[in-house]
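Letter 241 of the sequence shown, counting from 1, is numbered 241 in the working numbering, and no numbers are missing.
We put the beta carbon where it would ideally sit given N, CA and C, even for glycine.
Report on the structure given below.
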Amino acid sequence: MAKKLLKTLLIILGVILLIAAAFILWLSITEFKPGDVTDIKIENNSQVSDISPFAGQEITVVSWNIGYAGLGKGSDFFMDGGTNVASADQDTVSASLLGIYKTLYSDESPASIFMLQEVDKDSSRTYGKDESDVLGIHNSTYALNYSCKFVPYPVPPIGRVNSGLLTTTIYDIDSAERISLPCPFDWPVSMANLKRCLLVSYLPISGSTSKLVIVNLHLEAYDDGEGKIAQTKQLREFIQSEYEKGNYVIAGGDFNQIFPGGLDKYPNTHKDLWEPGIISEDIMPEGWTLAYDLETPSCRLLNQPYDPSDAENTQYYSIDGFILSPNVELISVKTLDEGFVYSDHNPVKLQVKLLDE
């Protein structure tokens, strides 16, 4: 009897191990493995408006990590010290996506270039919605930085994920590229983790052979710090190379690093939970401008649903902003206080002028 029971247990264990091995093999075969540089399709969705900066035209840019319309005011997240994996139900995702759309495209806050991060496309956590289609109302480019057939952790698991960066603009886009950034995770963790990138869109300028280079980014979040450093180094080298070609460069998004003075404004009192890196002035090549606003936090910790009256447990950060090449003049930068209603980030609005060649 004992031998029969042992044999049965061994068979069950063998089946479990076989299934686990098959699952790991499937994840390995289907792993998202983008090239170093990949051409990106341009969706021409709106009438083209010319960039004519040398007549005094101002360019307004909005960057916003929209948290896939699933990390609004009622959400927490397990990676930040919360408990939830799927942080919003289907109706909440739909309502947040509509709120994000209205916030971006309202007449009260017009912009000509939008740089969005964490935009989902057929993910389990956002119930299959194509957020890039909903939000990419102008001429648009989209690059995946997280794509996995099934993320198996935690319990319950995250499931299918397709998410990335979206740039949409009223201006023409000549070409676009996805440039891979260093991945700090080794196999097997890398199979179900993000593959960070730069989404680079090249916009023609009327009367000039130079381009306006829009670099949409979302740097590493949950690493030991080395990933952020390596990715920031590659970002610096890339934007400098584009400027040396005679182009104008605006790089922006979610740096997952606190801007100078950010810790003085929003001291980190939750170091036992998620902690962003620290960005320094030397991220920029000489003569460049780091554009950010500390008056309003650009991000909150997802350790609990948003409750600004609970000061003890509410942690803010300033980690979203821009880097401008020397031939781009900063007019203003402001973090828009949307109260974290639709996302765990607030949008950041930038106004610039391109300097005459």
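- Look at the region 266-311 and you find these whole runs of beta strand (DSSP E), each 3 residues long or longer: 289-291.
- By the neighbour-count criterion, in which 16 or more other beta carbons inside 10 Å mark a residue as buried, Leu-212 falls on the buried side.
- Leu-166 counts as buried, since no fewer than 16 other beta carbons sit within 10 angstroms of its beta carbon.
- Per DSSP, reduced to three states, the secondary structure at Val-134 is helical.
- Within the same chain, Lys-73, Arg-300, Tyr-306 come within 6 Å of Phe-340 by CB-CB distance, once the 5 residues on both sides are set aside.
- Here the region 222-242 does not lie against the region 308-315, with fewer than 3 beta-carbon pairs under 8 Å apart.
- Counting along the chain, Gln-90 sits inside the alpha helix (DSSP H) bounded by residues 90-105.
- A contact between stretches requires three or more CB pairs, one per stretch, nearer than 8 Å, and the region 252-263 meets this requirement with the region 271-282.
- Asp-50 and Ser-147 have their C-alpha atoms spaced approximately 34 Å apart.
- Taking 4 residues as the shortest admissible run, the region 171-219 contains no complete alpha helix (DSSP H) segment at all.
- Your pair Asp-344 and Leu-71 checks out as a contact, with CB atoms roughly 4 Å apart and the cut at 8 Å.
- For Ala-230, the enclosing alpha helix (DSSP H) stretches over residues 226-244.
- Distance between Pro-152 and Glu-286, taken at the CA atoms: about 44 Å.
- DSSP, reduced to helix, strand and coil, places Leu-263 within a helical segment of the structure shown.
- Out of Glu-118, Val-328, Leu-181, Ser-124, the CA that lies nearest to the CA of Asp-36 is found in Leu-181.
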